[in-house]
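Have a look at the structure below before the remarks.
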Amino acid sequence: MTAFYGTPGADPFWHWTTLVHFVLVALAGGTAFFTAVVALKRPQSLGKLPWLALAFIALDLLMLWAESPARFRFSHVWLFFSFEPAAAIWWGAWGLALSALLLLLLGLRLGPVRTLGGFLAFTSAVVLAYPGYALAVNAARPLWDHLLLALFPATGLLLALAVLALLRPAETALWLEITALVSLALTALYPVALASGGADARVAYAQWLRGWLWFAAASLLLFLGAFLARRNPAIAAACAFAGAALLRSWIVEEGQRSLFAHGF
Amino acid sequence: MKLNRRRFLELSAASVGAIAYTGHARALRAPWAVPKKWHEGEVRTVYSFCENCFWKCGISVKVEGGKVRKIDGQKQNPKSRGRLCPRGQAGVAQLYDPDRLKRPLIRIEGSKRGEGKYREASWEEALDYVAERMLKIKERYGPEAVAWFGHGSGDSWFVEYLPAAWGSPNAAKPAVSICTAPRETASQWTFGRPIGGHEPVDWTESRYIVLIGHHIGEDTHNTQLQDFSEALRRGARLVVVDPRFSTAASKAHRWLPIKPGTDLALLLAWIHVLIKEDLYDREYVKKYTVGFEELAVHSNKHTPEWAEKITEIPAETIRAVAREMAAAKPRAVLPPGRHTVWYGDDTQRMRAVYILNALLGNYGVPGGFYLAKPPYLEKYPHPAFPLEPAAGGCSGSSGGGEEVPEGYKPRADKGKFFAKTTAIQELIEPMLSGEPYPIRGLVCYGTNLFHSIPNVPRTKEALGKLDLYVAIDVLPQEHVMWADVILPECTYLERYDDLVGIAHKTPFIELRQPAVEPLWDTKPGWWIARELGLRLGLEKYFPWKDIEEYLDTRLQAIGSSLEEMKQQGTLVQKGRPYLKDWERRRRNPFKTPSGKIELYSKTFAEHGLDPLPDYTPPMPVPSGFYRLLYGRSPVHSFAKTQNNWILMELDPENEVWIHRAEGKKLGLRHGEYVWLENDAGVREGPVRVRLTERIRKDCVYLVHGFGHKGRGLRIARGRGASDNALQTRYVLDPISGGAALRNNFVKVVPGAKRPKLERIARLVRERRI
Amino acid sequence: MARYAMIIDLAACVGCSACAAACVLENEAPPGHNRLWIRQRELGTFPDLTVEYRPEQCLHCEHPPCVPVCPTGASHQTEDGLVLVKAERCIACGACIAACPYDARFMNPAGYADKCTFCEHRVARGEDPACVETCPTGCRVFGDLDDPESPLHAWLERAERVDVLRPEMGTRPKLFYLNTPSKTGLHAPEREVES
Ligand SMILES: Nc1nc2c(c(=O)[nH]1)N[C@H]1C(S)=C(S)[C@@H](COP(=O)(O)OP(=O)(O)OC[C@H]3O[C@@H](n4cnc5c(=O)[nH]c(N)nc54)[C@H](O)[C@@H]3O)O[C@H]1N2
Ligand SMILES: Nc1nc2c(c(=O)[nH]1)N[C@H]1C(S)=C(S)[C@@H](COP(=O)(O)OP(=O)(O)OC[C@H]3O[C@@H](n4cnc5c(=O)[nH]c(N)nc54)[C@H](O)[C@@H]3O)O[C@H]1N2
Ligand code: SF4
Ligand code: SF4
Ligand code: SF4
Ligand code: SF4
Ligand code: SF4
Ligand SMILES: [Mo]
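Structure representation (structure tokens):
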């Protein structure tokens with residue numbers, strides 16, 4: 076039996092605002108990435124895409140700023156005054172900032188669209204990748220497995236595609252289908268990866284079991300997203316969005332729980 | 049909006065207005081700056097001593113920006129040696145507790161006691177009100193009809209000075225008859241010396257320590273815990289006798305999970321083995337004791353096999369421990385413990401403890417008991433009081449002279465028990481019965497009537513009958529909110545008190561002095577006592593104008609001064625700790641009739657008491673019930689720290705400990721809430737269940753002090769259960785007057801809901817604005 | 004340069020929490036949080052029991068996972084091996100809190116990641132950390148591993164057993180637990196998920 080005098084710092088440190096951020100940043104990265112692809116392949120049909128992506132970035136940054144208890148210290152400038160390549164969030168910050176810059180240039184049609192698109196493909200990929208990376212490095216949080224390195228970019232892109240599917244169904248249907256299927260596959264793989272992990276496997280798997288219903292629901296939604304992508308893009312988009320958001324939120328929320336506090 | 053704590057303190061300081069806040073740049077924190085820490089500011093140190101329990105550790109109070117920020121142990125102080133227990137550390141949160149009593153209150157005319165309806169009053173009005181009614185009582189019934197209860201180091205004014213000047217013998221502290229009376233009485237009639245407030249156990253020199261109950265580690269009397277740990281570090285072996293696997297038991301080499309209430313049988317069996325196997329210290333016994341022959345005969349029947357049946361401790365274990373302690377003698381010791389009012393045979397149990405120690409030859413010998421000496425200190429030269437100051441503290445002085453001067457009455461509890469120590473609980477009876485004479489008024493200083501004195505229904509009834517009930521306290525405790533007049537004292541960090549002399553290996557004197565000005569309209573006890581004294585026509589006993597003059601006079605008389613004491617905090621004198629130190633000076637420490645340690649007590653025999661301890665079984669547990677045991681949380685003091693947010697975050701509620709198997713049998717789940725109901729039908733709770741292997745199956749355990757119901761205690765209220773509420777029965781120890789509390793039985797009633805309470809952090813945050 | 008470390012002798016610790024109360028006041032932890040707490044573990048069955056009182060706080064890991072994840076360099080390791088947070092640089096992102104395997108960090112509502120500093124401000128003045136100074140059982144000691152005079156060495160030598168928390172994390176903690184009462188060390192025989 077374990078008891079405490081005082082409480083360990085085991086309270087959740089990320090709140091619903093953070094969960095929203097994990098969705099917004101995916102929308103930002105995903106739309107930016109799609110914008111980059113369009114810029115590279117069919118620059119003439121770029122339209123207002125850069126502005127949409129830029130809006131998501133702005134929204135996400137606003138969210139991050141607003142929820143930070145350090146917001147009035149404006150200490151966020153340190154993200155850019157320091158060189159911390161080991162930190163996922165540092166990459167994310169630069170990824171978002173540079174993507175924003177590139178998107179602005181693209182939106183204003185300043186500079187060579189293809190070159191800008193090339194750079195944007197890279198910076199937006201960073202934005203898509205860093206959340207999963209930020210989670211996966213935490214060896215102490217078994218639910219945040221290395222598989223998230225793939226799962227988060229995939230679901231991130233999926234979230235963006237779900238939004239884009241409403242705006243540009245024709246262009247995105249195939250993408251949506253593929254990304255949803257990839258996400259579904261990774262989701263199915265996830266418990267297997269957890270259970271075959273290291274010392275924490277049992278704990279991680281047990282933790283996953285507590286949320287298996289969510290997973291079942293998310294998987295179904297992802298499946299519907301893929302299945303309906305070409306038949307009914309609107310419903311497919313809604314399903315895919317819900318499935319991906321659910322998945323990411325649960326993993327972030329549940330994964331931050333301290334197993335150390337109560338499990339040892 | 050989230051504000052940090054410093055901001056809270058600043059805001060509350062601003063709203064208080066009473067204190068000039070001289071903070072620097074931190075006063076208004078810019079949102080873009082990281083708040084500075086207090087230790088970056090200018091810090092002043094004030095020496096004083098702690099009041100969070102009655103151990104009185106010397107403290108160094110760190111004051112910065114006009115506020116107390118931190119309290120550390122005073123390095124030069126023999127009690128703290130630079131260290132403090134959690135309660136001592138957290139005193140700051142009491143000082144700045146916004147729930148404190150803030151100004152005098154008078155119960156609204158026409159309202160009943162306990163309704164809690166009050167109006168604010170000036171000190172003038174409140175004191176006049178009290179004095180007028182006291183004088184009326186005196187006129188009608190005599191001065192003895194006002195009882196004085198007090199506890200804490202400020203109590204000297206209210207159980208010694210004022211009552212003696214006023215002429216009431218009915219002054220008492222709970223620390224006697226609900227705490228130490230049995231061990232003090234037994235010590236007085238065995239060694240002719242008190243144990244005293246600071247148990248004179250020579251821990252660090254000891255090689256073998258046997259704790260009977262005495263849950264050191266949960267009982268966090270600072271110095272004792274330090275010495276106990278040092279002893280273990282030096283390799284002392286430890287045996288713990290306790291029905292519960294206490295913290296101390298977790299450090300022990302042997303744990304004896306004794307059947308509750310049977311310790312005396314175990315002790316007698318040990319005496320038996322020491323004598324029968326010729327393991328006792330022959331020389332010591334011959335030289336320093338009387339009555340060994342009688343003891344030897346008496347102990348024939350107390351075989352370990354006999355004790356095994358009673359205590360449920362294997363005879364073999366009993367023998368083994370006796371042999372081990374004998375092998376370590378005289379550096380083997382059975383410390384007296386402190387809270388010794390257990391089953392009603394307590395003086396006899398303590399006698400057995402002391403007899404064992406004497407057989408081990410350890411009293412006045414390194415590794416056993418040292419001989420504590422009080423420091424040299426002079427009284428203030430005030431005119432002689434009509435009565436001798438009565439109460440007697442932990443040191444359990446007999447409580448007032450035997451002779452009653454002309455025109456005065458003996459204490460109302462006299463004749464109820466042999467030792468004539470004050471028995472606070474027995475002074476409640478005359479409030480109800482008028483026997484042997486009526487008690488019509490009560491002045492209650494820092495004594496928790498509803499949490500420290502058993503049989504609360506009786507106490508409430510008695511309070512209802514009084515003509516006057518005055519409470520002097522710092523918090524709106526439930527019993528305080530029954531008073532006719534509430535006089536808010538300032539806390540120990542805001543006041544002077546009388547000097548404190550500690551009987552110790554190295555006797556010493558400590559000064560209490562204010563670290564900051566009193567908050568709100570609160571006043572120190574000495575001021576309240578003096579103002580009241582003047583109004584009661586006792587001005588001749590208050591020749592001093594203020595406390596500085598009083599203290600300086602006392603200190604000058606011993607060659608020091610107030611100025612000097614303020615600088616040094618503690619004044620240490622030389623002691624005479626061992627028998628050899630006494631013998632060198634041809635002095636005899638044993639103030640018994642025989643001048644020796646009395647294994648056999650003739651005096652007891654003459655008074656029809658067992659001259660040698662004998663076993664009597666405790667009240668049996670009715671079926672379906674568990675015996676209710678209780679003890680301390682290391683983090684709390686009694687029932688007075690449950691509104692301290694720092695301590696409450698560490699330990700927010702008590703739990704009822706039940707053996708896992710018993711819990712399963714009752715269908716209980718760990719962590720669920722239940723009610724406790726005693727055999728008189730009193731229900732208490734809800735309280736959380738702690739299913740544990742750490743307790744016997746025939747008893748349950750509660751930490752004392754929780755279960756507050758006072759509306760004004762916003763943090764304490766509604767958390768955990770009160771042991772005292774369930775202790776509607778006590779057995780009077782006929783020798784010491786102690787109120788034995790462990791004869792209450794409870795059953796566990798499942799199905800209570802988890803109380804809906806705000807998180808403590810929320811309560812703290814909310815109140816910052 | 005020093006290599007600061009702390010030792011807690013669990014044979015002596017009684018879980019009294021004086022250290023925790025001292026830390027709150029010394030370092031002004033806000034209500035609801037603390038840099039230091041005490042875990043009590045009950046092991047065994049009646050009457051064969053062990054209780055472990057284990058104070059926990061930041062271990063000032065030699066390989067602190069909380070440092071590399073910090074995107075601003077607020078979380079850093081000093082030359083003396085202390086792991087500290089430069090509050091004014093902290094953006095309160097929480098990455099370091101997630102990275103710490105010991106729950107040692109929390110978000111101070113004043114807007115920065117907070118945790119045990121080994122009371123560097125006191126150490127700089129040549130004093131012991133607040134928790135060490137007050138501990139009534141004297142079961143804590145603080146010092147410099149690189150200093151041969153430091154009492155740390157004697158304590159480590161005398162110990163029957165030396166443990167660190169979650170060694171499998173590869174963090175190389177500099178908070179050592181001596182004489183864990185449980186034969187299985189600091190870990191429960193069986194890890195359970197919080198129920
Ligand atoms: N933290 C903290 N420390 C304190 C105090 C406080 O309020 N808080 N108060 C101080 C004061 S004034 C006092 S009097 C002391 C009290 O502390 P102690 O003098 O240590 O009190 P005890 O009643 O001896 O110890 C309680 C233990 O006795 C055990 N016990 C119960 N019944 C029996 C029995 O029949 N036989 C035996 N052998 N053991 C039994 C209980 O399980 C419990 O572990 O603590 C002092 N120290
Ligand atoms: N049920 C039960 N009863 C017990 C015990 C038990 O374990 N269980 N233990 C017994 C023992 S061992 C003892 S020593 C006694 C202790 O008995 P008490 O001393 O009565 O216990 P506390 O609950 O500390 O109550 C102290 C009161 O003083 C107030 N107070 C605190 N500081 C100050 C101050 O500076 N000035 C003034 N004027 N008031 C102040 C508090 O608010 C509170 O009302 O209790 C005994 N009674
Ligand atoms: S033992 Fe603790 S509460 Fe009691 S006087 Fe000492 S420091 Fe204060
Ligand atoms: S102060 Fe010392 S004995 Fe008490 S809990 Fe902390 S480390 Fe343990
Ligand atoms: S204990 Fe946690 S916070 Fe402290 S250095 Fe190690 S990883 Fe960092
Ligand atoms: S919370 Fe502060 S210290 Fe921690 S990683 Fe983020 S910026 Fe660094
Ligand atoms: S070293 Fe200082 S900051 Fe760290 S736990 Fe101890 S008191 Fe707190
Ligand atoms: Mo007591």
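Residue numbers (my numbering), protein chains in the order written: chain A, 76 to 339; chain B, 49 to 817; chain C, 4 to 198. Note that the Cβ used here is the ideal one computed from N, Cα and C, for glycine as well. In this text the structure is predicted, and so the values were computed from the model without any measurement.
Residue i and residue j closer than 7 Å at C-beta
i      : j      : result
L181/C : A162/C : yes
P135/B : I154/B : Pro is not the amino acid found at residue 135/B; the sequence shown has Arg there. No, the Cβ-Cβ distance between R135/B and I154/B is not below 7 Å.
A240/A : S258/A : no
C122/C : A133/C : yes
A344/B : E353/B : no
L173/A : L181/A : no
A138/B : I808/B : no
Presumed contact (8 Å Cβ cut-off) between residue i and residue j, rounded CB distance
i      : j      : result
N218/B : R459/B : 6 Å
Y177/B : V533/B : 6 Å
R560/B : F102/B : Rounded, the Cβ-Cβ distance is 13 Å, inconsistent with contact.
CB contact check: residue i to chain B, cutoff 7 Å
i      : result
G188/C : no
Y80/A  : yes
A107/C : no
L155/C : no
F339/A : For F339/A, the predicted model reports a pLDDT of 44, less than 50, meaning its position is unreliable; a value from the coordinates is still stated below. False, the Cβ-Cβ gap to chain B never drops below 7 Å.
F227/A : no
F49/C  : yes
Segment limits, beta strand (DSSP E) that includes residue i
i      : result
M9/C   : Y7 to D12
W289/A : No beta strand (DSSP E) contains W289/A, which is instead part of the alpha helix (DSSP H) from W287 to L303.
Y778/B : Unbroken run through Y778/B: none, as it is neither H nor E.
W705/B : E703 to H707
Boundaries (first-last residue) of the alpha helix (DSSP H) holding residue i
i      : result
M138/A : L124 to E142
is_contact[residue i, chain C] using C-beta, thresh 7 Å
i      : result
S333/A : yes
R675/B : no
I253/A : no
T198/A : no
T230/A : no
S277/B : yes
Short CB-CB distance (under 7 Å) between residue i and chain A
i      : result
T75/C  : yes
P79/B  : yes
L698/B : yes
C29/C  : First, the amino acid is wrong: residue 29/C is Glu here, not Cys. Chain A, which has no Cβ nearer than 7 Å to the Cβ of E29/C, makes this no.
| said: Along the region 82-107 of chain A, where does the CB come closer than 9 Å to a CB of chain C? Name the residues. | reply: T82, P83, G84, A85, D86, F88, W89 and T93
| request: May I ask you to list, following chain order, the residues of the region 115-128 of chain C that have a beta carbon less than 7 Å from some beta carbon of chain B? | output: Y115 and H124
| message | Against chain C, which members of the region 246-273 of chain B pass a CB distance test of less than 7 Å? | response | G265, T268, N270 and L273
| said: If the cut-off is 8 Å on Cβ atoms, which residues from the region 87-104 of chain C count as contacting chain A, listed in chain order? | reply: Result list: E91, R92, C93, I94, A95, C96, G97, A98, I100, A101, A102, C103 and P104.
| request: Anything in the region 104-117 of chain B with a Cβ closer than 8 Å to a Cβ of chain C? List those residues in chain order, please. | output: R117
| task | With 9 Å as the limit, tell me which residues of the region 131-146 of chain C have their beta carbon closer than that to any beta carbon of chain B; keep them in chain order. | result | A133, E136, T137, C138, P139, T140, G141 and C142
| request: Using a Cβ-Cβ cut-off of less than 7 Å, give me the residues of the region 720-749 of chain B that come near chain C, in sequence order. | output: T740, E741 and R742
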